[in-house]
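J.:
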Amino acid sequence: MSAGKTEKSRKEPGLISERVNRLSPSGIRKFFDLLASMEGVISLGVGEPDYATPWHISEAAVRSLERGYTMYTSNSGVPELREETARYLKEKYNVKYEPYGEILMTVGVSEALDLAMRAILNPGDEVVMPDPHYVAYDSCVILAGGEPVMVPTSQENNFEVEARDIEARVTGKTRAILIGYPANPTGAVMSRDKLLAVAEVARRHNLIVISDEIYARLVYGVEHTCFAGLRGVKEHTILLGGFSKAYAMTGWRIGYAAAPKEIIAAMTKIHQYTIMSAPTPAQVAALEALKTGEPDVVEMVEDYNRRRLIIVKGLNEIGMPCFEPRGAFYAFPSIRNTGMSSEEFSEKLLVEEKVAVVPGSAFGECGEGYVRCCYATSLADIEEALTRMRRFVKKYKK
Ligand SMILES: Cc1ncc(COP(=O)(O)O)c(C=O)c1O
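If you want the numbering used here, it's the position in the sequence shown, counting the first as 1, plus 3.
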């Protein structure tokens, strides 16, 4: 069959499952496609470090390949990596996981998120999550047969989700709460007290909490609170962690889930039939990252912080009011004073000034009126982007 024919038949109605048909295409992709066809664009769009993986981490994987270490690993992941992950979680956040049974190495947090949803949801189960949120959250729930339920958050509350707002949306069908702090797209972090209040709601209603802590290491002037480390919550928490952001390892595709044995066993069942094991060289690199990558993390975080201070100050000065993000590497300024929708703003800014940002509406209804600017890019680019955006906002400000 020709490629053209395959393409055509794929589009015929009825061939695609209702679940997949319900997913809307990622609002981010559209901008990347447009961007790819243009020259001279400064991108504040892509949510990944501008660093290459520190060489000693890559080198560990290269050496392992030279030694012929190219086979599958245990479904759960290389034992030493699980042990090191457990040690890391204990040392950093004082949360204790058993490496043999409570930790599963995955293909990034992306896979861990998917496995978590598929392991715990029955058809129609509801998962409560903040709006705006990372683009995969609602899609993963839908693909697992569940129903995402949005809890609005706002700039007035620093985009922290309030426990009472979560509780107001709990029904007989609610199965889980999905949170991700530090947050993509807002850069918000959650205070320990607010997380404790969420834990209390989960306890009262017997809900599982999935806590995506991929940005745990990228915090500025505040301490990250590991949700699973709060007293009494570990037994109903699935902690998701990864290497992509802190160690600049997005392309390696490696992350992990830590959770009670029964949940990890269920997630491993799906993982073994669909993935088998996380990529072997990536596991070797992750082990090296945990063992010797701390100084790299500290250096990169200091550098992100410098850029964060400059972009947030700059955005506020040019008429794009921006609350102070304390985590991740995103600023989330308001564009309301231009009267444009966030999609219109992003498209016009790209075409007229060649600056790529992501419309806030790509992350949920509450993201409307904002754009996401990723500052994991050079200071020179940030400064040039601010100059261009100043011109743009001046032209359209109402
Ligand atoms: C909040 C959040 N969770 C998960 C992921 C996916 O991470 P990974 O590269 O580990 O699959 C991302 C990537 O941007 C993210 O922003």
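Glycine included, each C-beta is placed from N, C-alpha and C at the ideal position.
Buried or exposed for K8, going by 16 or more other Cβ atoms inside 10 Å?
T.: For the purposes of this step, residue 8 is identified with residue 5 of the sequence shown, where counting begins at 1. Low confidence applies here, because K8 scores a pLDDT of 44, under 50, leaving its location unreliable; read the following figure in that light. It counts as exposed.
J.: Looking at L146 and L243, is the spacing between their C-beta atoms short of 9 Å?
T.: Along the sequence shown, read from residue 1 onward, the residue named residue 243 stands at position 240. Along the sequence shown, read from residue 1 onward, the residue named residue 146 stands at position 143. No. Outside cutoff.
J.: If distances are taken between C-alpha atoms only, which option among I217, V212, E42, T76 comes closest to E51?
T.: To locate residue 51, count along the sequence shown from 1; it is residue 48. The residue with the shortest Cα to Cα distance from E51 is I217.
J.: Between I217 and ligand 1, is the CB less than 8 Å from at least one heavy atom?
T.: As a position in the sequence shown, residue 217 is number 214, starting the count at 1. Yes, ligand 1 has a heavy atom inside 8 Å of this Cβ.
J.: Does the beta-carbon distance from S113 to T271 come in below 9 Å?
T.: To locate residue 113, count along the sequence shown from 1; it is residue 110. To locate residue 271, count along the sequence shown from 1; it is residue 268. It is not a contact, given that the beta carbons lie outside the stated cut-off.
J.: Is it the case that the CB of A179 approaches a heavy atom of ligand 1 more closely than 8 Å?
T.: As a position in the sequence shown, residue 179 is number 176, starting the count at 1. Because no heavy atom of ligand 1 lies under 8 Å away, the Cβ of A179 does not count as near it: no.
J.: Buried or exposed: which applies to D196, given that a residue is buried once 16 or more other Cβ atoms fall within 10 Å of its Cβ?
T.: For this step, residue 196 is matched to residue 193 along the sequence shown. Its Cβ having fewer than 16 others within 10 Å, D196 is exposed.
J.: Among A171, L312, L221, I211, which one has its Cα closest to the Cα of P185?
T.: Locating residue 185 in the sequence shown gives position 182, where the first residue counts as 1. If we check each option's Cα against that of P185, L221 comes out closest.
J.: Along the chain, where does the beta strand (DSSP E) containing S214 start, and where does it finish?
T.: Here the question's residue 214 lines up with position 211 in the sequence shown. Segment 211 to 215, the beta strand (DSSP E) holding S214.
J.: So, is M4 buried or exposed, given that buried needs 16 or more other C-beta atoms within 10 angstroms?
T.: As a first step, residue 4 is located in the sequence shown; it is residue number 1 there, counting from the start. The predicted model places M4 with a pLDDT of 35, which falls under 50 and marks its position as unreliable, so this point remains unresolved.
J.: For I266, which three-state DSSP category applies?
T.: Numbered from 1 along the sequence shown, position 263 holds the residue referred to as residue 266. I266: helix per DSSP, three-state reduction.
J.: Would you kindly work out how many angstroms separate the C-alpha atoms of Y250 and K401, rounded to a whole number?
T.: The sequence position of residue 250 within the sequence shown is 247, counting from 1. The sequence position of residue 401 within the sequence shown is 398, counting from 1. The alpha-carbon atoms of Y250 and K401 are separated by roughly 42 Å.
J.: Using 10 angstroms around the beta-carbon of M279, count the other beta-carbons present and answer buried if the total reaches 16, otherwise exposed.
T.: Numbered from its first residue, the sequence shown carries residue 279 at position 276. Under this definition M279 is an exposed residue.
J.: Identify whether T177 lies in helix, strand or coil by the three-state DSSP scheme.
T.: Taking the sequence shown and counting its residues from 1, one reaches residue 177 at position 174. Strand.
J.: Using a Cβ-Cβ cut-off of 7 Å (strictly less than) and excluding sequence neighbours within five positions of L2, which residues of its own chain qualify?
T.: This structure cannot settle anything about residue 2, because the visible part of the chain is limited to 4 through 401.
J.: Would you say A331 and E105 are within 9 Å of each other, going by their C-beta atoms?
T.: Reading the sequence shown from its first residue, position 328 is the one you call residue 331. Reading the sequence shown from its first residue, position 102 is the one you call residue 105. Cβ atoms of A331 and E105: not closer than 9 Å.
J.: Compute the Euclidean distance between the alpha carbons of Y386 and R339, then round it to the nearest angstrom.
T.: Taking the sequence shown and counting its residues from 1, the one referred to as residue 386 is at position 383. Taking the sequence shown and counting its residues from 1, the one referred to as residue 339 is at position 336. Checking the sequence, you will find Glu at residue 386 rather than Tyr. For E386 and R339, the distance between alpha carbons rounds to 22 Å.
J.: Keeping to the same chain, check which residues put their C-beta closer than 7 Å to that of G372; ignore five residues upstream and five downstream.
T.: Here residue 372 refers to the residue found at position 369 when the sequence shown is read from its first residue. If we look at G372 and ignore the five residues flanking it on each side, its Cβ neighbours are S337, I338, R339, S345, G363.
J.: Give the straight-line distance between the Cα atoms of I266 and A231, rounded to the nearest whole angstrom.
T.: Reading the sequence shown from its first residue, position 263 is the one you call residue 266. Reading the sequence shown from its first residue, position 228 is the one you call residue 231. When rounded, the distance between both Cα atoms is 14 Å.
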